[in-house]
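K.L.:
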Ligand SMILES: Nc1ncnc2c1ncn2[C@@H]1O[C@H](COP(=O)(O)OP(=O)(O)OP(=O)(O)O)[C@@H](O)[C@H]1O
Ligand SMILES: [Mg+2]
């Protein structure tokens, strides 16, 4: 390929110059040579560009593999020291080198699922409202944009607001129902998380509901179904896998959320007794103790938490995405 | 400058395992209008795109054989050179939506990074637009976006864009199938003008159009070149039974 | 019969009202948060607040200049990595839809999208903090860049995929080399989509705290050296909000206000850009 190009470059200008008679033709010929030279530069750039694209695409794979390898490698020390018992070890005591992740795994599951339970009715309501009842219109646009903005607010701001506003409210609530009034804890974290994850399930639910073929709905309407009956017996069954994917994406988000939770969960390594107890999640314990981890096993135990968190969120997210892909392909 | 300009020698084209163009040998004389006809799916577009090496842009598409341009195999040249010498106009008008009419005409220079003095650019734009009979219609709105024109005007703009590069050959893939009758006849008139300077290869489904504009006609059937002759000869006295059936409308 | 139908219609109406109420209830906490932060923060913001460094507890007149400059530097450095890489990767994915490499790369981008930010922080710590022996803005930017990548890649890919093939063909038929087809035709036509992806990515990492905790680390002084620890707005908010001092809380409210306004402006601007600069195909 390359040699033929060079031949082209060598023979073409000559044959052009051979035919030169007038100065206009000479000018054209010079232009021709310039153009061919330019084209050769272009071809080189083209090849470089194509290679760059491949390298960049490869580098994303290397990046993700690198993340996995780093996490796995850095947690080997802890895996060797505590084995699988790490996952259900009930005590986390860095001073005595006892590392059990159970309190944090429990804390993570409690906050995330509680948040999901609180937020799902709201996000599905948004999805149904925007997807079925009022896809357009001023109020709908306002709702849609506002819900999207919920995802835009930085989590540290949610955390700060939670500290200043939510914690006192929860504290008086706790006094009212007669549990130790701390304010900080699992419940407060779940409230904040519930707000933060609304948009994920909501926007997915909206787009899924909008994809329901209108002839299905019309078939139900023509049989005399009411709007609610159409939603319950046509739309929800049709979109259930998509709605489930929305729940998964919200869950993935909740599991990995760090700052807002760290700020209001109360930070204790004890197993939470009830949903009002302070606790820690996997993410928040890492945020709290990573820079304090003064010996290798301690650090490695924290990283193992990161590894577990990574694997769990990746599996949940991939599952969600797979479901969405299947849904949109049908 | 008489003689053959494009010549295909045992040209074959494939989409994966699908053998779409089979052993095509054809001689295309300079400054002629060649019509390419045949039933849908017979490989006309594929053959046309093979000539300027657009075929290979489709993933999985391969080809075999030679396409000679001025006796030089296009597969020995870099596709960029080939496409600079063989322009193409597509079925649907496709002006660059982000460029003005003016910039669309000189897109081949502008987007290729070839710097020209303003005066020369103006000359090329006016010249090319005049050649496609569009100058008078758009000369006052050169800065408007190309997508603002009507379909017929857009198609002529696309022809002007190809003409501006001063290629030797122009390929047209059903250039009028998306146009109304009036735009169609404008474009057809253009072919007569253009053939003075270029060689035109036109894929068309419209037999009247082929008869009106072309000097020679090629008839493709199931990927093969069945018959290739003077247009008059072809329409009055086709030798192959398949051609006969086609032009008398006996298969559709 | 008639009663039954009325009952069904009534039920349907009730459900619609319930849905509407629940849906609009979502707006309440956000409005509450926005209002609260703006109210608490806006009064703290003045010229000194923007140009001074934080003062020790007890002294008034401290500002957040170090965090402002730090955030700008961190985000700019991260963008310098992530924008070109993200756009190029998006181009690769949209140009080679079916290749093996595209499949795996796309999978990795999907994975990256879901990785918790704190995990990215850990990784950046081992890649750049430990080897260099110090917390640094560079490592923080790297973490942020990784977080920006998936947003930019997928928005680029999605945008370019939607452009009609005829556009590329028109360009190739004019003898344009591949890189010019991409850079001069495809990218300009998809510019608004790509830009909105970039802006969303910037907005997202502007507020990221977790990946900076053990990378950029924070710094009470003004630093512009990317090999040294650097303060950022979210880090400052986190540190001061969780401190017991009221003066520092005030700084944190002011900083929250600025961060919030910045992020919201970016989001709103993104919407406008997408609408306004969209190339009509
Ligand atoms: N992108 C592609 N990928 C795979 N196969 C293709 C592709 N394009 C065309 N084909 C196949 O190649 C064959 C020839 O197609 P081609 O487009 O050349 O036909 P055509 O003669 O131009 O038809 P028409 O008159 O409808 O435009 C068809 O059978 C078609 O199925
Ligand atoms: Mg065709």
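Residue numbers (the numbering used here), protein chains in the order written: chain L, 10 to 339; chain Z, 6 to 257; chain V, 2 to 282. Glycine included, every Cβ here is placed at the ideal spot set by N, Cα and C.
8 Å is my cut-off, CB to CB: does residue 51/L come that close to chain Z?
P.N.:
Against the first chain, residue 51/L aligns to sequence position 42. Taking Cβ atoms only, chain Z reaches closer than 8 Å to residue 51/L, which makes this a yes.
K.L.:
At a Cβ cut of 7 Å, what residues of the stretch 74 to 91 of chain Z count as close to chain A, listed as they run along the chain?
P.N.:
Here chain A cannot be found, since the structure's protein chains are L, Z and V.
K.L.:
Please return the same chain residues whose Cβ sits closer than 6 Å to the Cβ of residue 114/V, not counting the five positions on each side in sequence.
P.N.:
Taking the third chain and counting its residues from 1, one reaches residue 114/V at position 113. Closer than 6 Å at the Cβ level, and outside the excluded window around residue 114/V, lie 151.
K.L.:
Quick one: Cα of residue 34/Z to Cα of residue 130/Z, how far?
P.N.:
The count along the second chain starts at 1 and reaches residue 34/Z at position 29. The count along the second chain starts at 1 and reaches residue 130/Z at position 125. Taking the straight line joining both Cα atoms gives about 28 Å.
K.L.:
Check for me: the alpha helix (DSSP H) holding residue 49/V runs from which residue to which?
P.N.:
Residue 49/V sits at position 48 when you count from the first residue of the third chain. 48 to 52 is the extent of the alpha helix (DSSP H) around residue 49/V.
K.L.:
Which residues in the same chain as residue 59/V place their Cβ atom closer than 8 Å to its Cβ, once the five residues preceding and following it in sequence are excluded?
P.N.:
By one-based count along the third chain, residue 59/V stands at place 58. 248, listed in sequence order.
K.L.:
Taking the alpha carbon of residue 9/L as the reference point, which residue from 96/V, 19/V, 50/V has its own alpha carbon closest?
P.N.:
There is simply no residue 9/L to check, as chain L begins at 10 and stops at 339 in what is shown.
K.L.:
What is the residue span of the beta strand (DSSP E) that residue 177/Z lies within?
P.N.:
Mapped onto the second chain, residue 177/Z falls at position 172. Where residue 177/Z is concerned, the enclosing beta strand (DSSP E) stretches over 174 to 178.
K.L.:
Would you say residue 63/Z touches ligand 1, meaning its beta carbon is less than 7 Å from a heavy atom?
P.N.:
For the purposes of this step, residue 63/Z is taken as the residue at position 58 of the second chain. Yes, since a heavy atom of ligand 1 falls inside the 7 Å radius drawn around the Cβ of residue 63/Z.
K.L.:
Taking 7 Å as the cut-off, does the CB of residue 178/Z come closer than this to any heavy atom belonging to ligand 2?
P.N.:
As a position in the second chain, residue 178/Z is number 173, starting the count at 1. The answer is yes for residue 178/Z.
K.L.:
Please check the pair residue 244/L and residue 141/L, which I expect to be a contact at CB under 8 Å, by giving their CB distance rounded to whole angstroms.
P.N.:
Taking the first chain and counting its residues from 1, one reaches residue 244/L at position 235. Taking the first chain and counting its residues from 1, one reaches residue 141/L at position 132. Right, their Cβ atoms sit about 6 Å apart.
K.L.:
Write down the C-beta distance between residue 254/L and residue 329/L rounded to the nearest angstrom, noting that I regard them as a contact closer than 8 Å.
P.N.:
Start at 1 with the first residue of the first chain, and residue 254/L comes out as number 245. Start at 1 with the first residue of the first chain, and residue 329/L comes out as number 320. Yes, they are in contact, since the Cβ atoms of residue 254/L and residue 329/L sit about 4 Å apart, within 8 Å.
K.L.:
Using the Cα positions of residue 117/V and residue 210/L, report the straight-line distance between them to the nearest angstrom.
P.N.:
Within the third chain, numbered from 1, the residue matching residue 117/V stands at position 116. Within the first chain, numbered from 1, the residue matching residue 210/L stands at position 201. Between residue 117/V and residue 210/L, the C-alpha separation is close to 18 Å.
K.L.:
Say whether chain L places a C-beta atom closer than 8 Å to the C-beta of residue 103/V.
P.N.:
The residue given as residue 103/V occupies position 102 in the third chain. Yes, its Cβ sits closer than 8 Å to a Cβ of chain L.
K.L.:
Can you give, in chain order, each stretch of the alpha helix (DSSP H) that sits fully within the stretch 75 to 139 of chain L and has at least 4 residues?
P.N.:
Correct list: 111 to 137.
K.L.:
For residue 227/Z, report the span of its beta strand (DSSP E) as first-last.
P.N.:
Here residue 227/Z refers to the residue found at position 222 of the second chain. Residue 227/Z -> no beta strand (DSSP E), and no H or E assigned at all.
K.L.:
Report the residue from 147/V, 128/V, 51/V, 109/V whose alpha carbon sits nearest the alpha carbon of residue 82/V.
P.N.:
Sequence index remark: in the third chain, residue 82/V carries index 81 (1-based). Of the candidates 147/V, 128/V, 51/V, 109/V, the one whose C-alpha sits nearest the C-alpha of residue 82/V is 147/V.
K.L.:
Ordered along the chain, which non-local residues of its own chain (more than five positions away) have a Cβ less than 8 Å from that of residue 201/V?
P.N.:
What you label residue 201/V is simply residue 200 of the third chain in a count that begins at 1. Once the five neighbours on either side are set aside, the close Cβ partners of residue 201/V are 152, 156, 267, 268, 271.
K.L.:
Helix or strand or just coil, what does DSSP make of residue 56/V?
P.N.:
Here the question's residue 56/V lines up with position 55 in the third chain. It is coil, neither helix nor strand.
K.L.:
Give a single yes or no on whether residue 208/Z has its beta carbon closer than 7 Å to a heavy atom of ligand 2.
P.N.:
Taking the first residue of the second chain as position 1, residue 208/Z is located at position 203. Within the cutoff, so yes.
K.L.:
Kindly provide the ranges of any alpha helix (DSSP H) runs that are 4 or more residues long and lie completely inside the stretch 73 to 142 of chain Z, ordered along the chain.
P.N.:
Listed in chain order, the complete alpha helix (DSSP H) runs (minimum 4 residues) inside the stretch 73 to 142 of chain Z are 84 to 90, 106 to 110, 112 to 115, 123 to 136.
K.L.:
Are any of the Cβ atoms in chain V nearer than 8 Å to that of residue 110/L?
P.N.:
Here residue 110/L refers to the residue found at position 101 of the first chain. Cβ-Cβ to chain V under 8 Å: no for residue 110/L.
K.L.:
Under 9 Å Cβ-Cβ, which residues of chain L neighbour residue 164/V?
P.N.:
Mapped onto the third chain, residue 164/V falls at position 163. Per Cβ cutoff of 9 Å: no residues; residue 164/V is ~17 Å from chain L at best.
K.L.:
What are the partner residues of residue 215/V, as DSSP defines its beta bridges?
P.N.:
Here the question's residue 215/V lines up with position 214 in the third chain. Beta-bridge pairing links residue 215/V to no other residue.
K.L.:
Only counting the same chain, and skipping five residues up and downstream in sequence, which positions put a Cβ closer than 7 Å to that of residue 113/Z?
P.N.:
Sequence index remark: in the second chain, residue 113/Z carries index 108 (1-based). Result list for residue 113/Z: 166, 169, 170, in chain order.
K.L.:
Cα separation between residue 46/V and residue 149/V?
P.N.:
Against the third chain, residue 46/V aligns to sequence position 45. Against the third chain, residue 149/V aligns to sequence position 148. Those two C-alpha atoms are separated by around 29 Å.
K.L.:
When DSSP builds the beta bridges, which residues end up paired with residue 42/Z?
P.N.:
For the purposes of this step, residue 42/Z is identified with residue 37 of the second chain, where counting begins at 1. DSSP lists 224/Z as partners of residue 42/Z.
K.L.:
Below 7 Å, is the gap between the Cβ of residue 50/Z and the nearest heavy atom of ligand 2?
P.N.:
On the second chain, position 45 is the one that residue 50/Z refers to. For ligand 2, at least one heavy atom lies less than 7 Å from the Cβ of residue 50/Z.
K.L.:
At the level of alpha carbons, what is the spacing between residue 332/L and residue 259/L?
P.N.:
On the first chain, position 323 is the one that residue 332/L refers to. On the first chain, position 250 is the one that residue 259/L refers to. Each residue's alpha carbon lies about 14 Å from the other.
K.L.:
Beta carbon of residue 265/L, beta carbon of residue 322/L: below 8 Å?
P.N.:
Residue numbering aside, residue 265/L sits at position 256 when the first chain is read from its first letter. Residue numbering aside, residue 322/L sits at position 313 when the first chain is read from its first letter. Yes. Within cutoff.
K.L.:
Does the beta carbon of residue 102/Z sit closer than 8 Å to a beta carbon anywhere in chain V?
P.N.:
In the second chain, the residue the question calls residue 102/Z occupies position 97. Chain V, which has a Cβ nearer than 8 Å to the Cβ of residue 102/Z, makes this yes.
K.L.:
Considering only C-alpha positions, which residue in the set 235/L, 169/L, 315/L is nearest to residue 245/V?
P.N.:
For the purposes of this step, residue 245/V is taken as residue 244 along the third chain, with counting starting at 1. Out of 235/L, 169/L, 315/L, 169/L has the C-alpha closest to the C-alpha of residue 245/V.
K.L.:
Compute the Euclidean distance between the alpha carbons of residue 136/Z and residue 189/Z, then round it to the nearest angstrom.
P.N.:
Position 131 of the second chain, counted from the start, is the residue given in the question as residue 136/Z. Position 184 of the second chain, counted from the start, is the residue given in the question as residue 189/Z. Each residue's Cα considered, the two are about 16 Å apart.
K.L.:
By the DSSP assignment, the beta strand (DSSP E) with residue 15/Z in it spans what residues?
P.N.:
Looking up residue 15/Z in the second chain gives position 10. Note, residue 15/Z: beta strand (DSSP E), 9 to 20.
K.L.:
Would you say residue 75/V reaches chain L, if we count a Cβ-Cβ gap shorter than 8 Å as a contact?
P.N.:
Along the third chain, one-based indexing puts residue 75/V at 74. It does not: the Cβ of residue 75/V has no partner Cβ on chain L nearer than 8 Å.
K.L.:
Is the closest heavy atom of ligand 1 to the C-beta of residue 42/V under 7 Å?
P.N.:
Working through the third chain from its first residue, we reach residue 42/V at position 41. Incorrect: residue 42/V has no Cβ contact closer than 7 Å to ligand 1.
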